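Below is one structure, written out as structure tokens; the observations come after it.
Residue numbers (the UniProt record's numbering): 1 to 253.
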């Protein structure tokens, strides 16, 4: 499906994968056309080995909790079907992709043991490092930088982290998602609580709303506009960008 992305995260028994560590949780959320669809894939897995204490301290998933959970082989087909053909959006993709490839390889499914042959990969860590060189670019740091609420993230969790990463990705690549306007305060004059730099959520209008009335510029409005552009041109020593754009469009037509 065109424009389909899957934001993905995993939790593991430890690292690196070359030491025999395994995946114990997979969490994915689906985006189509930059919109969350509500579809997700989430599973805890029995890894057939114990997790390192350090890893448990990060994600809080105990060995006892994983007893009786399915093994990767039991969910492999469903998981592959969910991600196949999608753009995978992953923070520090090399880590998760390496573990996923390893799980398929351990099953002997070598045709799936390189998921880059079935999915494209977008690494948000690499993207963040390019945009913010020399700064901290962990998921928590990006949440703080872009104003994404991660207050429920006391421990790492694959599904929660994929949901948070989806918000970070959409904010990081989509520009402004909130407005900060003076005169937005409850007292109506922009001096009370809610004014200044406090961001307010954008209110999306319903698709079936009544169309707004279109008020077209009068001849007097157009004359004043032309005079203003002329004044800008004289001050700047060059035509205003608005005039340049109008001229280029006229030439193209």
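Here a beta-carbon is modelled for each residue, glycine too, at the ideal position from N, C-alpha and C.
Computed from a prediction, not measured in an experiment: that's the story for all the values here.
Whole-Å CB distance - residue i paired with residue j, under 8 Å assumed
{"i": "residue 164", "j": "residue 139", "result": "7 Å"}
{"i": "residue 63", "j": "residue 50", "result": "5 Å"}
{"i": "residue 174", "j": "residue 34", "result": "7 Å"}
Cα-Cα separation between residue i and residue j, rounded to whole angstroms
{"i": "residue 274", "j": "residue 92", "result": "Outside the displayed span of the chain (1 to 253) sits residue 274, for which this structure offers no information."}
{"i": "residue 12", "j": "residue 95", "result": "10 Å"}
{"i": "residue 110", "j": "residue 133", "result": "37 Å"}
{"i": "residue 211", "j": "residue 221", "result": "24 Å"}
{"i": "residue 233", "j": "residue 166", "result": "44 Å"}
{"i": "residue 25", "j": "residue 157", "result": "8 Å"}
{"i": "residue 137", "j": "residue 8", "result": "17 Å"}
{"i": "residue 72", "j": "residue 149", "result": "31 Å"}
{"i": "residue 59", "j": "residue 3", "result": "31 Å"}
{"i": "residue 97", "j": "residue 106", "result": "14 Å"}
{"i": "residue 55", "j": "residue 37", "result": "31 Å"}
{"i": "residue 245", "j": "residue 218", "result": "21 Å"}
{"i": "residue 146", "j": "residue 223", "result": "42 Å"}
{"i": "residue 120", "j": "residue 225", "result": "49 Å"}
{"i": "residue 108", "j": "residue 19", "result": "19 Å"}
{"i": "residue 256", "j": "residue 67", "result": "The first residue shown for the chain is 1 and the last is 253, placing residue 256 beyond what the model contains."}
{"i": "residue 57", "j": "residue 116", "result": "31 Å"}
{"i": "residue 251", "j": "residue 168", "result": "41 Å"}
{"i": "residue 239", "j": "residue 208", "result": "41 Å"}
{"i": "residue 247", "j": "residue 231", "result": "17 Å"}
{"i": "residue 214", "j": "residue 144", "result": "40 Å"}
{"i": "residue 151", "j": "residue 70", "result": "30 Å"}
{"i": "residue 243", "j": "residue 216", "result": "19 Å"}
Beta-carbon proximity of residue i to residue j, cut-off 9 Å
{"i": "residue 159", "j": "residue 21", "result": "no"}
{"i": "residue 254", "j": "residue 161", "result": "Residue 254 lies beyond the stretch modelled for the chain, which goes from 1 to 253, so this question has no answer here."}
{"i": "residue 122", "j": "residue 88", "result": "yes"}
{"i": "residue 17", "j": "residue 99", "result": "yes"}
{"i": "residue 118", "j": "residue 83", "result": "yes"}
{"i": "residue 131", "j": "residue 172", "result": "yes"}
Reference residue i, options the options, closest by Cα
{"i": "residue 85", "options": "223, 59, 30, 102", "result": "30"}
{"i": "residue 170", "options": "32, 19, 23", "result": "32"}
{"i": "residue 40", "options": "250, 68, 6, 146", "result": "6"}
{"i": "residue 103", "options": "251, 240, 23, 70", "result": "23"}
{"i": "residue 101", "options": "243, 57, 10", "result": "10"}
Cβ-heavy atom distance, residue i to the ligand PLP, below 8 Å
{"i": "residue 148", "result": "Among the components modelled here there is no ligand, and therefore nothing to report on the ligand PLP."}
| Is it a yes or a no for the segment 112-130 touching the segment 29-46, going by three-plus beta-carbon pairs under 8 Å? | no
| request: Pair every Cβ in the segment 99-115 with every Cβ in the segment 59-77, then say whether three or more of these pairs are closer than 8 Å. | output: yes
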